[in-house]
Structures are given as structure tokens and as C-alpha cells.
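Residue numbers (this note's numbering): 7 to 207.
Here a beta-carbon is modelled for each residue, glycine too, at the ideal position from N, C-alpha and C.
I have placed the structure first, in the form of C-alpha cells, so that the comments after it can refer back to it.
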């Protein structure tokens, strides 16, 4: 049995799973309120921010299934660079509202579990995508990809005691993690490299 046949048989036996999804976002701060002077001086209105997080769609379970809402918890970091400072939470949640009558549309929200950032207790940090459309999200499952333009934009928010930082998301990218792509590429390349040329009479 040649390697192409092995590759084909293996792909038929192994279950098809989605690779972990890496999400990155970036934008510009629009509101900075810090009455106690806790923030780094680089964190001002107009300063850039960027962040990232990763989740595995196949390992997550919806904790509120069947309610028009999906709620998923992850013990993966959510990291955001704000100005010259980096905030990182050790876990985050994803909430999906696909039958949300309260906002008259649909919603995708990612928010960190409470953490301490450079000595500052943070109660909330995350991103929010909302739309008045009612057919963008078909159910409460975790999306493999979303387009920022479909939501008409998105927002970033970080809050703590006497602290409020908000920003406008200007770019949002969903990509499969490199390990998953690499495994597929290596497998296909190996099969093609070992293919024997056809014999001619």
C-alpha cells in the first residue's frame, strides 16, 4: 500500500475536526477615564490597542444550550496591548446571542474573567460585536470566522474601580492555528513527493 493510499485511508478513519482558532483584533482608544491616575501615561485617547485569544471549537461545550444563547468558558489567555502596557487574563468567556430580542439583533462577545493588571483590579476586559441583523449567526455554536464589516464595527472595553477604557475595533482576523495547517500541508506534501511516476510502455 503506497503512502497516498495510507494518507487517504487515515483521513477516512480519523474524525474531521476543526483546528483551534486564533483571533486577533486591533483599534484605537476613544475613551480613557482614570480618576486615580493608575494607568500608564501612554494609555490616552487615540492610542492604539491590539489583542488576541485562541479557542478550540471542538473542546468547548455550551453551558446554556437551547436558550437562543451560547456561553463558552476557556482557560486560555486573553492578551491585550494598550499603549505601552500589556494586560493578560488567564481565562475568558465567549457569549453568542443569536435570538436576542433585547438588542433587536445578534451579538458576539468575548470577555476576560476578573484579573489584576499591574496592581489594578480589572472587573471587565473584552470585545463586543453587535448587529441589528437577525440572520448573521444561524445558531449558538462557536464561529470559525466572523467579518467585522458584517457587524458594522465593534468595541473594546476595559473596566475597573474608578477606571474606564474603551476603543473602536478597526480590524478583526480569525485564522486556524498554524499547527493544524502545518499538519495538513506536511501530509499532502509528503504524499505528493512519494508519488511514483506512471510507467510507460
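Are residue i and residue j touching if we call contact CB-CB under 7 Å?
i: residue 4; j: residue 166; result: The first residue shown for the chain is 7 and the last is 207, placing residue 4 beyond what the model contains.
i: residue 169; j: residue 156; result: no
i: residue 95; j: residue 84; result: yes
i: residue 212; j: residue 180; result: This structure cannot speak to residue 212, because the chain is shown only from 7 to 207.
i: residue 146; j: residue 57; result: no
i: residue 79; j: residue 99; result: yes
i: residue 173; j: residue 33; result: yes
i: residue 175; j: residue 158; result: no
Within a Cβ cutoff of 6 Å, which residues of the same chain sit near residue i, ignoring the five residues on either side of it in sequence?
i: residue 209; result: Residue numbering for the chain in the displayed model covers 7 to 207; residue 209 lies beyond these limits and cannot be assessed.
i: residue 48; result: 89 and 90
i: residue 53; result: 35 and 89
i: residue 101; result: 77 and 115
Tell me whether residue i, by its Cβ, gets closer than 6 Å to a heavy atom of the ligand SAH.
i: residue 132; result: This structure lacks the ligand SAH; in fact it carries no ligand of any kind.
Going by CA-CA distance only, name the one from the options that's closest to residue i.
i: residue 103; options: 112, 96, 160 and 95; result: 112
i: residue 135; options: 122, 92, 129 and 152; result: 152
i: residue 5; options: 133, 41, 138 and 144; result: In this structure the chain extends from 7 to 207, so residue 5 is not present and cannot be described.
i: residue 46; options: 160, 149, 93 and 129; result: 93
i: residue 148; options: 42, 60 and 32; result: 60
i: residue 140; options: 110, 123 and 64; result: 110
Secondary structure, alpha helix (DSSP H): runs of 4+ residues fully inside the segment 145-178: 154-157
3 or more residues per run - each beta strand (DSSP E) lying fully within the segment 37-110: 54-61, 75-80, 84-88, 91-95 and 98-106
Alpha helix (DSSP H) runs wholly inside the segment 123-147, at least 4 long, in chain order: none
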